[in-house]
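What follows is a single structure, written as structure tokens, with notes after it.
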Amino acid sequence: MNSDDPDQAERKMRFLYALRSKGVTDKRVLTAMEKIDRGAFVTGIFAERAYEDVPLPIACGQTISQPSVVGLMTQALDIGPRDKVLEVGTGSGYQAAILSVLARRVYTVDRHRMLVREAEAIFRELGLPNITARVVDGSFGLPEQAPFDKILVTAAAEDPPGPLLAQLRIGGIMVVPVGQSDHVQSLIKVRRGPSGYEYDELRAVRFVPLLEGIAQD
Ligand code: SAH
């Protein structure tokens, strides 16, 4: 966002106000979300709605998540500056960009090659060197980079995928929407302790489904 433009400055203020009023109160998360311009990740006819707190369509029939949900998920992960984070579901790349401001290293994966390529181009443009994007079926995680301090899944699974649970470091946190794709789902926070996993339900959400395999388009 160009903050010299008074309209843009006002939109930005409203954007941050909407985040706070929906429970995004962590200062580091708000600062990261102020820094990363959502407008860079939404193109075409929806670009003018980039600063509204709504999910919007992106390429390949997918969606960029609602900013307040992005903020709440990021906040729930409690990311520290030394964390290595895995995001499953790159989509537009917006969420990965926010994570990259807070974490040491971000791996983000998507089953659509085109989304990964486009997101990589934006990461380069914005100068975000600590994000690596890969085309893989993220239900299996990214074993060659595991374990991760934090894992964020931005597509709904029927259950938290086993390989992702296994790739979470002890002491780590995973946030994942769980439930059937055409229903309201629950956002679950999973903590891996020394002797098992603890599950907390955060709120109702609605995400596109976690699908199997690499997309063929
Ligand atoms: N985090 C994104 C929004 C994600 S939309 C953003 O900030 O814009 C969900 C994404 O999950 C879609 O891009 C979809 O292609 C991807 N996805 C669904 N199933 C997947 C799987 N098994 N592996 C990797 N990505 C998957």
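Be aware that the sequence shown starts at 169, since it is given in the working numbering, and climbs by one per residue.
C-beta: ideal position from N, C-alpha, C; glycine also.
Predicted, not measured: the structure shown is a model, and the values here were computed from it.
Contact check for P249 and R272: beta-carbon distance about 6 Å, within the 8 Å limit, so the pair qualifies. Proximity of the segment 227 to 235 to the segment 274 to 283 meets the contact definition, three or more beta-carbon pairs being nearer than 8 Å. Taking 8 Å as the cut-off, the C-beta of E255 counts as close to a heavy atom of the ligand SAH. Measuring C-alpha to C-alpha distances from M241 to each of G330, K318, Q384 identifies K318 as the nearest. Residue burial is scored here from C-beta neighbours: E255 has at least 16 other C-beta atoms within 10 angstroms and is therefore classed as buried. Per DSSP, S189 is one residue of the alpha helix (DSSP H) stretching across 174 to 189. Within 10 angstroms of the beta-carbon of Q353 lie 16 or more other beta-carbons, which makes it buried. A distance below 9 Å separates the beta carbons of L294 and A265. Nearest in C-alpha terms to D251, of all of E220, G191, P315, is P315.
The Cβ-Cβ distance between D368 and R359 falls below 9 Å. Here A215 is exposed, its C-beta having fewer than 16 other C-beta atoms within 10 Å. Here A244 is buried, its C-beta having at least 16 other C-beta atoms within 10 Å. Excluding five sequence positions before and after T322, the CB atoms of its chain that fall closer than 8 Å to its own CB belong to S233, M241, E255, V256, G257, G259, Q263, P345, F375, given in chain order. As computed with DSSP, S354 is found in a beta bridge with V346, A372. Proximity of the beta carbon of T211 to the ligand SAH is not indicated: no heavy atom of the ligand is located closer than 8 Å. Using a cutoff of 8 Å, the CB of L240 does not count as near the ligand SAH, since none of the ligand's heavy atoms is closer than that.
The Cβ atoms of L267 and I247 lie closer than 9 Å to each other.
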